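Protein chains: 2
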Amino acid sequence: MLGIGDDTALLRPKPGHETILTCDWFLEGTHFLRDKHPADAVGWKCLARAVSDVAAMGGTPRCFLLSLALPSSHTGPWLDEFLGGLRRASRKFACVLAGGDTTQRKEILINVTVVGEIRSGHAVLRSGARPGDIIFVSGRLGEAEMGLRILKQSKKIPVPGNPLTRKHLYPEPRIVLGQWLAKNRLASSMMDLSDGLSSDLHRLCAASATGARIEATRLPTVSFTSSLGRPRVHPTLLALHGGDDYELLFTVPSRKAERVPRYFEGLRLTAVGEITSKRGIRVLTESGDERALLAEGWDPFR
Amino acid sequence: MLGIGDDTALLRPKPGHETILTCDWFLEGTHFLRDKHPADAVGWKCLARAVSDVAAMGGTPRCFLLSLALPSSHTGPWLDEFLGGLRRASRKFACVLAGGDTTQRKEILINVTVVGEIRSGHAVLRSGARPGDIIFVSGRLGEAEMGLRILKQSKKIPVPGNPLTRKHLYPEPRIVLGQWLAKNRLASSMMDLSDGLSSDLHRLCAASATGARIEATRLPTVSFTSSLGRPRVHPTLLALHGGDDYELLFTVPSRKAERVPRYFEGLRLTAVGEITSKRGIRVLTESGDERALLAEGWDPFR
Chain A
1 MLGIGDDTAL
11 LRPKPGHETI
21 LTCDWFLEGT
31 HFLRDKHPAD
41 AVGWKCLARA
51 VSDVAAMGGT
61 PRCFLLSLAL
71 PSSHTGPWLD
81 EFLGGLRRAS
91 RKFACVLAGG
101 DTTQRKEILI
111 NVTVVGEIRS
121 GHAVLRSGAR
131 PGDIIFVSGR
141 LGEAEMGLRI
151 LKQSKKIPVP
161 GNPLTRKHLY
171 PEPRIVLGQW
181 LAKNRLASSM
191 MDLSDGLSSD
201 LHRLCAASAT
211 GARIEATRLP
221 TVSFTSSLGR
231 PRVHPTLLAL
241 HGGDDYELLF
251 TVPSRKAERV
261 PRYFEGLRLT
271 AVGEITSKRG
281 IRVLTESGDE
291 RALLAEGWDP
301 FR
Chain B
1 MLGIGDDTAL
11 LRPKPGHETI
21 LTCDWFLEGT
31 HFLRDKHPAD
41 AVGWKCLARA
51 VSDVAAMGGT
61 PRCFLLSLAL
71 PSSHTGPWLD
81 EFLGGLRRAS
91 RKFACVLAGG
101 DTTQRKEILI
111 NVTVVGEIRS
121 GHAVLRSGAR
131 PGDIIFVSGR
141 LGEAEMGLRI
151 LKQSKKIPVP
161 GNPLTRKHLY
171 PEPRIVLGQW
181 LAKNRLASSM
191 MDLSDGLSSD
201 LHRLCAASAT
211 GARIEATRLP
221 TVSFTSSLGR
231 PRVHPTLLAL
241 HGGDDYELLF
251 TVPSRKAERV
261 PRYFEGLRLT
271 AVGEITSKRG
281 IRVLTESGDE
291 RALLAEGWDP
301 FR
């Protein structure tokens with residue numbers, strides 16, 4: 001409701017709705033590299049990943065606050081390009097800039113708070129999974145991690161259109177899918193895949209006080225291309241542990257599972273396993289044996 | 001409404017109220033010094049300064065999100081002490097932790113988003129000052145800056161009870177005063193004094209498309225004590241340019257000015273000048289001449 005000027009933003013909540021709040025660090029060195037990531041992608045991604053948390057609840061993003069710390073060397077063309085990517089993401093996700101805080105700093109530091117909304121009582125939480133529920137994921141897993149590896153090997157800053165790095169640089173939060181699953185009360189639990197399936201499924205199961213069993217052969221993996229180069233990583237390992245995909249991980253009670261389409265607006269939805277009452281996560285490997293799946297996704301404290 | 005676990009917080013807005021959103025950096029080296037500022041004060045102040053933006057609108061703080069990046073060396077006693085200060089501030093301001101994001105980092109980085117609320121249409125903005133309005137400030141100005149100087153000169157980390165550094169380390173956002181001014185429709189414009197009167201009054205005037213004239217002899221300055229040491233700075237300069245006081249700067253239409261008490265719950269309220277239609281800010285000095293007041297408060301880009 002206010003323009004830039006006041007230190008605060010004013011928001012008129014929609015009646016009958018709850019407000020969703022989420023914030024995310026996006027830090028040079030930790031989450032992106034100044035010399036490898038185009039400023040345009042930094043702008044897009046810092047908003048996309050925070051919006052993804054709103055999507056993972058079934059909510060609708062409304063506005064965001066941007067906290068930005070920059071070196072004075074980056075207030076010219078870098079900032080313009082950053083704001084360009086941010087603006088495109090803002091339009092695409094219908095999530096408007098409502099305020100923020102800026103300061104000067106040697107390193108590029110970004111923090112984004114996203115405010116969303118959802119009809120009261122409709123939010124899908126991590127904690128709702130029950131034994132017997134079918135575990136689904138959207139899209140293909142490991143694609144962002146593959147893009148990151150390509151990016152690190154490459155000597156040049158990638159062009160925005162490169163399909164191999166697109167998912168890593170310009171992730172698309174699954175807003176419409178999340179809303180559809182929440183509105184139709186299909187998902188018993190949901191979260192986004194930010195740190196990798198093996199880490200995030202552990203979190204969902206911990207919140208739901210359950211375990212899970214997944215089948216490696218059912219994972220929607222990336223198809224490799226010759227340009228990936230070495231070292232070649234197995235697609236299944238990328239799908240299990242690769243982070244940054246921002247796909248949705250959700251569970252559906254088995255009696256409702258047939259209502260989940262194979263494709264939702266062109267996006268593949270795949271059943272990869274089921275929730276178990278026995279704690280721990282087991283994976284049925286391609287060779288037919290069953291093993292414990294450890295959380296080996298991205299962890300800033302490791 | 002949710003415990004820690006999901007990546008997001010859910011908030012049920014109060015009917016007939018608007019939501020206030022604000023975020024603030026609090027960065028080692030820029031906003032505090034690891035070796036000079038007690039962890040307890042860092043915890044208190046990172047929340048207090050963000051809450052102050054809600055107070056400056058006349059709002060009521062409800063909850064906050066904490067984004068924290070820490071070196072692994074600071075996850076033990078430092079973090080405990082930090083959380084202790086944060087918890088005290090959270091209770092004092094009735095503003096509960098609703099979520100956040102944590103990561104590892106060489107430097108201590110903090111970003112706080114505060115969510116508040118205010119009855120629809122009651123928010124006091126920066127832009128409402130009109131020529132002839134009387135300019136008020138709460139408390140005494142320059143006290144936090146004086147505390148910072150003492151802190152920098154001191155060899156030890158100060159004890160929490162030291163009255164000379166209390167205002168710098170443990171500022172108190174003027175929540176109740178802000179609410180009272182908004183509810184009684186006394187303030188035509190308002191903001192908090194975070195960067196110093198000379199800088200902040202320029203912002204208020206710019207937002208209101210006015211100028212201002214203040215009288216130096218009326219400024220509520222600090223009373224110096226012998227322990228301050230040298231270099232001795234003139235109290236008027238501290239009051240004009242010292243930052244971090246988190247007092248309220250507000251304007252009141254002259255016909256309502258007599259309804260502003262000299263003390264509000266023990267806090268001094270002082271008329272220091274008036275809003276003018278002529279742009280620019282003039283100060284009537286102690287020697288009786290009138291000069292332009294330049295924005296010489298704190299500016300991270302200078």
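For the protein sequence lines, the chains are A and B, in the order given.
Heads up, the first sequence is in this note's numbering, so the first residue is 1 and it goes up one at a time.
Heads up, the second sequence is in this note's numbering, so the first residue is 1 and it goes up one at a time.
Just so you know, even glycine gets a beta-carbon here, dropped at the ideal spot from N, CA and C.
Bear in mind the structure is a predicted one, so any value in this text is a computation, not a measurement.
Short Cβ contact (9 Å threshold) for residue i with residue j
i      : j      : result
P163/B : D245/B : no
A216/B : L284/B : yes
L21/A  : V115/B : yes
L70/B  : D101/B : no
L141/A : P15/A  : no
S138/B : L267/B : yes
I275/A : D133/A : yes
G297/A : G242/A : yes
V252/B : P173/B : no
L181/B : V124/B : yes
L204/A : H37/A  : no
E286/A : P13/B  : no
D40/A  : F93/A  : no
A56/B  : T8/A   : yes
L65/B  : G121/B : no
Separation of residue j from residue i, as counted between CA atoms
i      : j      : result
I175/A : G43/A  : 19 Å
P231/A : L97/A  : Residue placement at P231/A is poorly supported in this model, since its pLDDT is 49, which falls under 50; the coordinates still yield a value, given next. Looking at the two C-alpha atoms, the distance is approximately 41 Å.
L293/B : S198/B : 7 Å
E258/A : T165/A : 33 Å
V233/A : L193/A : 20 Å
L47/B  : S90/B  : 7 Å
L11/B  : L86/A  : 26 Å
F32/A  : V159/A : 16 Å
A303/A : E143/A : For residue 303/A there is no data in the structure shown, the boundaries of chain A being 1 and 302.
R62/A  : R185/A : 22 Å
R262/A : T270/A : 7 Å
L148/A : E247/A : 16 Å
R126/B : A239/B : 20 Å
P77/B  : R34/B  : 14 Å
I214/B : V272/B : 6 Å
H168/A : G288/A : 31 Å
G45/A  : R119/A : In the sequence as presented, Gly is not what sits at residue 45/A; that position holds Lys. Roughly 27 Å between the two C-alpha positions.
G309/A : R88/A  : Outside the shown range of chain A, which is 1 to 302, sits residue 309/A, and nothing can be said about it.
V260/A : K183/A : 13 Å
M190/A : K256/A : 15 Å
L109/A : L79/B  : 21 Å
E145/A : S154/A : 14 Å
F250/A : A209/A : 15 Å
Span of the alpha helix (DSSP H) around residue i
i      : result
G178/A : 175–183
R166/A : 163–169
L241/A : It should be pointed out that residue 241/A corresponds to His in this sequence rather than to Leu. Taken as a continuous stretch (DSSP letters only), the alpha helix (DSSP H) holding H241/A covers 235–241.
D101/A : Note, D101/A: premise wrong, no alpha helix (DSSP H); beta strand (DSSP E) at 96–104.
D53/B  : 39–55
I150/B : 143–153
S198/A : 197–208
Delimiting residues of the beta strand (DSSP E) encompassing residue i
i      : result
A292/B : 290–292
M191/A : 189–193
L248/A : 247–252
D80/A  : Unbroken run through D80/A is the alpha helix (DSSP H), 77–92; no beta strand (DSSP E).
P220/B : Careful: P220/B lies outside any beta strand (DSSP E) and carries neither H nor E.
L10/B  : 9–11
V112/A : 109–119
P61/B  : 60–70
R268/A : 267–276
F136/A : 134–138
Chain A contacts made by the stretch 5–22 of chain B, where a contact means CB separation under 9 Å
For the stretch 5–22 of chain B, which is checked against every Cβ of chain A, the residues closer than 9 Å are G5, D6, D7, T8, A9, L10, L11, R12, P13, K14, P15, H17, E18, T19, I20, L21, T22.
Taking 8 Å as the cut-off, does the stretch 23–41 of chain B touch the stretch 104–119 of chain A (at least 3 CB pairs, one atom from each stretch)?
yes
Taking a cut of 7 Å between CB atoms, which residues from the stretch 195–228 of chain A lie near chain B?
A207
Could you please tell me which residues of the stretch 87–98 of chain B, in chain order, have their CB closer than 9 Å to any CB of chain A?
Those would be A98, in chain order.
Of the residues that make up the stretch 123–154 of chain B, which ones have a beta carbon closer than 8 Å to any beta carbon in chain A?
A123, L125, R126, S127
With 7 Å as the C-beta to C-beta threshold (strictly closer), list the residues of the stretch 59–75 of chain A near chain B in chain order.
Taking 7 Å as the upper bound on Cβ-Cβ separation, chain B lies near residues L65, S67, A69 of the stretch 59–75 of chain A.
Contact residues within the stretch 264–298 of chain B, judged by C-beta distance below 8 Å to chain A:
Of all residues in the stretch 264–298 of chain B, none places a beta-carbon less than 8 Å from a beta-carbon of chain A.
Near-chain B residues of the stretch 243–265 of chain A - C-beta to any C-beta below 7 Å:
none
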